[in-house]
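Engineer:
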Amino acid sequence: MSDDEKPASAPQERRRMVKPPTGGTAAGRGMGGKIKTAEKKSISSIEWIKRQLADPWSEKARAEGWRSRAAFKFSEIDDRFHLVKRGSRVIDLGAAPGGWVQVCVNRGAASVVGVDLLPIEPIPGSTLIQADFTDPGVDQQLIDLLGGPPDLVLSDMAHNTVGHRQTDHLKIIALIEVASDFAIRTLRPGGHFVTKNFQGGDAGRVLAELRAAFQEVKYVKPAASRKGSSEVYLVALNRK
Ligand code: SAM
Numbered sequence: 421m422s423d424d425e426k427p428a429s430a431p432q433e434r435r436r437m438v439k440p441p442t443g444g445t446a447a448g449r450g451m452g453g454k455i456k457t458a459e460k461k462s463i464s465s466i467e468w469i470k471r472q473l474a475d476p477w478s479e480k481a482r483a484e485g486w487r488s489r490a491a492f493k494f495s496e497i498d499d500r501f502h503l504v505k506r507g508s509r510v511i512d513l514g515a516a517p518g519g520w521v522q523v524c525v526n527r528g529a530a531s532v533v534g535v536d537l538l539p540i541e542p543i544p545g546s547t548l549i550q551a552d553f554t555d556p557g558v559d560q561q562l563i564d565l566l567g568g569p570p571d572l573v574l575s576d577m578a579h580n581t582v583g584h585r586q587t588d589h590l591k592i593i594a595l596i597e598v599a600s601d602f603a604i605r606t607l608r609p610g611g612h613f614v615t616k617n618f619q620g621g622d623a624g625r626v627l628a629e630l631r632a633a634f635q636e637v638k639y640v641k642p643a644a645s646r647k648g649s650s651e652v653y654l655v656a657l658n659r660k
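Residue numbers for the sequence shown, in the working numbering: 421 to 660.
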């Protein structure tokens, strides 16, 4: 989650997010006050909390009831590509704390199934499970919960970095690969896929597979993604 970042400018919104989001009561919980248990926290987590407190996107998310500033990243992607339709069936990989799920539910998705290593507070209109997506059988569990093939697969999965460049790189690529493989196997024809990616990452093989399986693949750098970071999103449109 190192890429929850400071923005350069406000996102362009097709549908302005004026309506309070569903399940938004947990937004920014515990983030608005003083850090009371600082002595128990690691330096990196204190730094992370300080960044969140100083970050206008996190502030905006708290004020509007979004679970995370990541909600603005997906809202911008959806504004541009119109991925969530009324009645859409969505699977969200790496869904905690639930910002993308809130956006999907708010924009009319009929069914949203999310998975994360971390527990997620319930969001009406969605089914959220705590599991490691890479564990055997979890992929099928998600399809069973959705009750059929998804129209949209989302992955904002990000591992906790270990600080060793090559190891972190391999972990990033592994998550992108496993999410892409799942999307290609399960999406209905015409369905779409969004995954977090990193500039400079060696996602060449995944990119080739996505280009073969989808009509179009685009790179997007949402405004809510910090300018200096390498985070980008791959948007694969219209499963063949
Ligand atoms: N899109 C989310 C939102 O809108 O609130 C934010 C997602 S956060 C950047 C990345 C998440 O990926 C973390 O919560 C992390 O626990 C999850 N994650 C990483 N590896 C995972 C795995 N193997 N299975 C499930 N979730 C995973």
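A virtual CB, placed ideally from N, CA and C, is assigned to each residue, including glycine.
1) Contact defined as beta carbons within less than 8 Å: I believe V655 pairs with I511. What is the distance between those atoms, to the nearest angstrom?
2) What are the boundary residues of the alpha helix (DSSP H) that includes D564?
3) Throw me the rounded Cβ distance for the K638 and D576 pair, which I believe falls under 8 Å.
4) Which of helix, strand or coil does DSSP assign to A643?
5) Helix, strand or coil for S650 per DSSP?
6) Specify the secondary structure class of H689 as computed by DSSP and reduced to three states.
7) On the three-state DSSP scale, how would you describe D576?
8) Do V598 and L562 come within 9 Å of each other at the CB atom, strictly closer than that value?
9) DSSP beta-bridge partners for R487?
10) Can you check DSSP and say which residues form a bridge with K638?
11) Is A529 closer than 9 Å to V504 when the C-beta atoms are compared?
12) Would you please state the rounded distance, in angstroms, between the beta carbons of T606 and P570? I believe it to be under 8 Å.
13) If you drop the 5 nearest sequence neighbours on each side, which residues of the same chain put their C-beta closer than 8 Å to that of P544?
14) Just confirm the distance between the C-beta atoms of R659 and A633, as a whole number of angstroms; I'd bet it's less than 8 Å.
15) Taking its Cβ as the centre, do 16 or more other Cβ atoms sit within 10 Å of K480, making it buried, or is it exposed?
16) Where in the region 465-547 do unbroken runs of the beta strand (DSSP E), each at least 3 residues long, occur, reported from the N-terminal end onward?
17) Can A668 and V573 be called in contact, C-beta distance under 9 Å?
18) So, are the CB atoms of A389 and R482 less than 9 Å apart?
19) Which residues in the same chain as V626 place their Cβ atom closer than 6 Å to its Cβ, once the five residues preceding and following it in sequence are excluded?
20) Is Q586 helix, strand or coil by DSSP?
21) Measure the alpha-carbon distance for A594 versus E636 and round it to whole angstroms.
Structural biologist: The structure says:
1) With 8 Å as the limit, V655 and I511 do not qualify as a contact, their Cβ atoms being about 16 Å apart.
2) 558-566
3) The pair is not a contact, with the Cβ atoms about 16 Å apart (cut-off 8 Å).
4) coil
5) coil
6) Examination of residue 689 is not possible in this model, given that the chain is present from 421 through 660 alone.
7) coil
8) no
9) Partner(s): none; R487 has no beta bridge.
10) V655
11) yes
12) 6 Å
13) T442, G443, V525
14) 6 Å
15) buried
16) 509-513, 531-536
17) A query on residue 668 cannot be resolved here, the shown segment of the chain reaching from 421 to 660 and no further.
18) Examination of residue 389 is not possible in this model, given that the chain is present from 421 through 660 alone.
19) I596, E597, S600
20) helix
21) 22 Å
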